[in-house]
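Take a look at the structure below.
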Amino acid sequence: MNQTWAVILAAGRSTRMGAAKQLLELDGEYLLESVIRLVLSADFSRVIAVIGHEAEQIEQTIAIRDPRFQWVFNPAYRLGQSTSFRLGMQAAMESRASAVMMFLGDQPFIRRQSVGEVKRAGDELLFRQAEPFVLQPVFEQKPGHPVFFGNPEALLLDAVYGDQGAKPILASIKHRVFLPIDDPGIHVDLDTQEDVEKARQVWGRRE
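Here the sequence shown is numbered in the UniProt record's numbering, starting from 1 and rising by one per residue.
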């Protein structure tokens, strides 16, 4: 039976924000809490959030009681997002997950419908594709998140380093699929206070 995990990368130091953006209040919820609840709205086998900066405060502040969810601490978070990517991937692969859908902890405006569309398309492809593949949503010809990694056991995680995220792995995977999505939220991340203020003006409650 296929198992699709979700991994949320949320260990960063928020240097451009000036404060821990994971605990930024947005529309009545903490930013990271909003992303976690978005991800839990889909039928993932397991959901993990990789945290590092202010990890203890985040765990104490955000209460998630879904049995599928767990926190994972990344002690090397200062070395860049790649360390969280590898940690999340390794946890899923050690549990023999069939696929991993990778989210960013500062993207709360992705629609629930979009999460479901990407997951369904990836899960369907798992039945036809035995080799590693990646499926990525696209809005207005620009790829975004979340990214679905199918059959990840053969991925060369050591190729990922620093703060570049999954770019080297994306470039190395031969089977890459782009899924058109009517959702500009797949491109919206919150890095600065200006991003937050703009988001509050432009975006309403997530659908």
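All C-beta atoms, glycine included, are put in the ideal place defined by N, C-alpha and C.
Owing to the predicted nature of the structure, the values given are computational and were not obtained by experimental measurement.
| Item | Value |
| --- | --- |
| Where does Val65 fall in DSSP's three states? | The sequence given here places Arg at residue 65; Val does not occur at that position. In the structure shown, Arg65 sits in coil (DSSP, three-state: anything other than H, G, I, E or B). |
| Relative to the alpha-carbon of Phe109, which residue among Ser45, Trp71, Ile173 and Val35 has its alpha-carbon at the smallest distance? | Val35 |
| Indicate whether Ala92 and Val7 have their beta-carbon atoms separated by less than 8 Å. | yes |
| Between the Cα of residue 210 and the Cα atoms of Ala20, Met101 and Pro67, which residue gives the shortest distance? | Outside the displayed span of the chain (1 to 207) sits residue 210, for which this structure offers no information. |
| Under 8 Å, do Glu181 and Val134 count as touching if we go by C-beta distance? | Here the sequence assigns Ile to residue 181, which means Glu is not the residue at that position. No, the Cβ-Cβ distance between Ile181 and Val134 is not below 8 Å. |
| Is the distance from the Cβ of Trp5 to the Cβ of Ser45 below 8 Å? | yes |
| Between the stretch 111-131 and the stretch 77-93, are three or more C-beta pairs nearer than 8 Å? | no |
| Does the Cβ-Cβ distance between Gln136 and Gly150 come in under 8 Å? | no |
| Please classify Asn74 as buried or exposed, where buried requires at least 16 other C-beta atoms within 10 Å of its C-beta. | buried |
| If you reduce the DSSP assignment to three classes, tell me which class Leu24 lands in. | coil |
| Can you name, in chain order, every residue of its own chain whose Cβ lies under 6 Å from the Cβ of Arg176, other than the five neighbours on each side? | Val134 |
| So the candidates are Gln81, Arg37 and Gly105; which of them puts its Cα closest to the Cα of Arg65? | Arg37 |
| Less than 8 Å between C-beta atoms, sequence neighbours within five positions excluded: which residues of the same chain meet that for Ala199? | Leu26, Phe109, Val188 and Leu190 |
| Between Phe178 and Val138, is the Cβ-Cβ spacing less than 8 Å? | yes |
| If you reduce the DSSP assignment to three classes, tell me which class Pro143 lands in. | strand |
| Keeping to the same chain, check which residues put their C-beta closer than 8 Å to that of Val72; ignore five residues upstream and five downstream. | Ile48, Ala49, Val50, Ile51, Leu87, Gly88 and Ala91 |
| Over the uninterrupted alpha helix (DSSP H) stretch that includes Ile186, give me the two end residues. | From DSSP, Ile186 is part of no alpha helix (DSSP H); its letter is neither H nor E. |
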